[in-house]
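K.L.:
Each residue of the sequence shown is one higher than the last, beginning at 0 in numbering that gives the first Met the number 0.
All residues carry an ideal CB built from backbone N, CA and C; glycine is no exception.
Quantities reported herein were computed from a predicted structural model and do not represent experimental measurements.
The structure is given below, and queries will be raised subsequently.
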Amino acid sequence: MTSIAVEHRERRNPLAAVWSFVKRHVLAAYSVLFFAYLLLPIAVVIVFSFNNPPGKFNYTWNSFTWDNWRYWNGVPGIQSAVVLSLEIALIASLIATALGTLIALALVRYSFRGRASTNILIFLPLSTPEIVLGASLLTLFLHTTAVTFGFETILIAHIMFCISFAVVTVKARLVGFDRHLEEAAMDLGANEWVTFRKVTLPLLAPAILSAALLGFALSIDDFVITYFVSGPTQTFPLFVWGAARVAVPPQVNVVASAIFMVAVLVMIGNVLWGLRARRARESMPAAVPIPEALPRPEPI
0 MTSIAVEHRE RRNPLAAVWS FVKRHVLAAY SVLFFAYLLL PIAVVIVFSF NNPPGKFNYT
60 WNSFTWDNWR YWNGVPGIQS AVVLSLEIAL IASLIATALG TLIALALVRY SFRGRASTNI
120 LIFLPLSTPE IVLGASLLTL FLHTTAVTFG FETILIAHIM FCISFAVVTV KARLVGFDRH
180 LEEAAMDLGA NEWVTFRKVT LPLLAPAILS AALLGFALSI DDFVITYFVS GPTQTFPLFV
240 WGAARVAVPP QVNVVASAIF MVAVLVMIGN VLWGLRARRA RESMPAAVPI PEALPRPEPI
């Protein structure tokens, strides 16, 4: 009887071991497959940036070459489109981040008439389809003679939809902000401006940087809204859309790969900066507790 039970237990051990291994690593395997699914198209774009296609369309692999990276501006119009997209994205992200930070401070720290309505208006560009925003902005600019279609209209449109993302990002950081740090600085003699510059702004810096990077990425990638308000001006997404009808040069993959690599490097730098700041805070010596006052001896 004992030998039968031992034999039955030995037969079940391999299956139990396999099931235990699956339960321990199923989340890791799912995460790897999920990120591989997300990054596979980007990997294809990077690989095909080194392709030497025999025709006008960079769809099938032919041979490896460095010429696409050496002469990335060999296609007429691509350099001006890339420079214009970078200029608009940089200016729009800076202005939107500055305005979004101020709006987030006002919404979180102050009570005023119309605060609830302002919160709703901030979320409207996030929930409205881009084609509706583009058509609405086109109607607005057509009835406004003060602006001309081109750089100005694209910049105004990009600032408009980037502000909402900046407000949401900075507002999430302000919700958990410890106001006692500002109060302690003001108790030590700092005025409002010094407190904001040396206490509030450094603590909000990671959220502000994240908002700026998010706005830059959204601006340089936008196509639908830009298509409505661009006029004769051509950004990089509009250039890709126009070129795809007649040809897809590998230089498009080169520019896209370069933008992706720069974004990854900046993201890694932001993460390392945050880890370094956290380690610096953890390595600071703890405050020495103030001993309680000794009780006075009772008179004899």
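His157 lies in the alpha helix (DSSP H); which residues open and close that run?
P.N.:
Per DSSP, His157 belongs to the alpha helix (DSSP H) from 150-174.
K.L.:
Where does Pro75 fall in DSSP's three states?
P.N.:
In the structure shown, Pro75 sits in coil (DSSP, three-state: anything other than H, G, I, E or B).
K.L.:
Could you check whether Ile207 and Thr100 sit closer than 8 Å to each other, using their CB atoms as the reference points?
P.N.:
Yes; because the gap between Cβ atoms is below 8 Å, this pair is in contact.
K.L.:
Starting from Arg69 and walking both ways along the alpha helix (DSSP H), at which residues does that stretch end?
P.N.:
Here the alpha helix (DSSP H) through Arg69 covers 66-69.
K.L.:
Which first and last residues belong to the alpha helix (DSSP H) in which Asp177 is found?
P.N.:
No alpha helix (DSSP H) contains Asp177, which DSSP labels as neither H nor E.
K.L.:
Check each candidate in Ser163, Ala243, Phe238 and name the one with the smallest Cα separation from Ala211.
P.N.:
Checking every option, the nearest Cα to that of Ala211 belongs to Ser163.
K.L.:
Can you give me the start and stop residues for the alpha helix (DSSP H) that Ser110 sits inside?
P.N.:
No alpha helix (DSSP H) contains Ser110, which DSSP labels as neither H nor E.
K.L.:
Identify which residue in Leu213, Glu181, Ala216, Pro205 has its Cα closest to the Cα of Thr199.
P.N.:
Thr199 has its Cα closest to that of Glu181, out of Leu213, Glu181, Ala216, Pro205.
K.L.:
Any chance the stretch 37-57 sits against the stretch 246-261, with 3 or more Cβ pairs inside 8 Å?
P.N.:
Enough Cβ pairs lie closer than 8 Å, so yes.
K.L.:
Compute the beta-carbon to beta-carbon distance between Asp220 and Pro236, rounded to the nearest angstrom, for a pair I have assumed lies under 8 Å.
P.N.:
Contact flag correct, Cβ pair sits at about 7 Å.
K.L.:
Would you kindly report the start and end of the unbroken alpha helix (DSSP H) that includes Pro231?
P.N.:
Unbroken run through Pro231: none, as it is neither H nor E.
K.L.:
Put Leu190 into one of helix, strand or coil per three-state DSSP.
P.N.:
Leu is not the amino acid found at residue 190; the sequence shown has Asn there. It is coil, neither helix nor strand.
K.L.:
Out of Arg278, Met260, Asn269, Phe222, state which residue places its alpha-carbon closest to the alpha-carbon of Ala80.
P.N.:
Closest option to Ala80, Cα to Cα, is Phe222.
K.L.:
Provide the residue(s) that pair with Val247 in DSSP beta bridges, ordered along the chain.
P.N.:
Bridge partners of Val247: Phe56.
K.L.:
DSSP on Asn50, reduced to helix/strand/coil?
P.N.:
Reduced to three states, the DSSP call for Asn50 is strand.
K.L.:
Taking only three categories from DSSP, how would you classify Pro122?
P.N.:
Reading the sequence as shown, one finds Phe at residue 122 and not Pro. Reduced to three states, the DSSP call for Phe122 is helix.
K.L.:
If we count Cβ pairs, one from each stretch, closer than 8 Å, do we get three or more for the stretch 133-141 versus the stretch 224-234?
P.N.:
The stretch 133-141, when compared against the stretch 224-234, does touch it at the 8 Å Cβ threshold.
K.L.:
Is it buried or exposed, Ile300, if we count other Cβ atoms within 10 angstroms and call 16 or more buried?
P.N.:
Not covered by the structure: residue 300. The range shown for the chain is 0 to 299.
K.L.:
For a test of the three-state rule: what should DSSP assign to Phe215, helix, strand or coil?
P.N.:
Phe215 falls in the helix class under three-state DSSP.
K.L.:
Quick test of your reading: Ile224 and Ala156, contact by CB under 8 Å. State the CB separation rounded to the nearest angstrom.
P.N.:
Between Ala156 and Ile224 the Cβ distance is about 5 Å, and since that is below 8 Å, they are a contact.
K.L.:
Name, in chain order, the residues that DSSP records as bridge partners for Phe63.
P.N.:
Asn50.
K.L.:
Distance check for Ser84 and Gly241, CA to CA, integer angstroms please.
P.N.:
Each residue's Cα considered, the two are about 15 Å apart.
K.L.:
Name the two residues that bound the continuous alpha helix (DSSP H) containing Thr300.
P.N.:
What the structure shows of the chain is the stretch from 0 to 299, and residue 300 is not part of that stretch, so it cannot be assessed.
K.L.:
Among residues of its own chain, excluding the 5 on either side of Leu213, which ones have a beta-carbon nearer than 7 Å to its beta-carbon?
P.N.:
So the list reads Phe164, Thr168, once near-sequence residues are dropped.
K.L.:
What separation, rounded to the nearest whole angstrom, lies between the Cα atoms of Val263 and Cys161?
P.N.:
Taking the straight line joining both Cα atoms gives about 20 Å.
K.L.:
Compare the C-beta of Gln233 against all C-beta atoms of chain C and say whether one is closer than 8 Å.
P.N.:
You won't find chain C in this structure, because it holds only one protein chain.
K.L.:
Please classify Phe238 as buried or exposed, where buried requires at least 16 other C-beta atoms within 10 Å of its C-beta.
P.N.:
Under this definition Phe238 is a buried residue.
K.L.:
Measure the Cβ-Cβ separation of Leu106 and Asn118 and say whether it is below 8 Å.
P.N.:
Yes, they are a contact pair.
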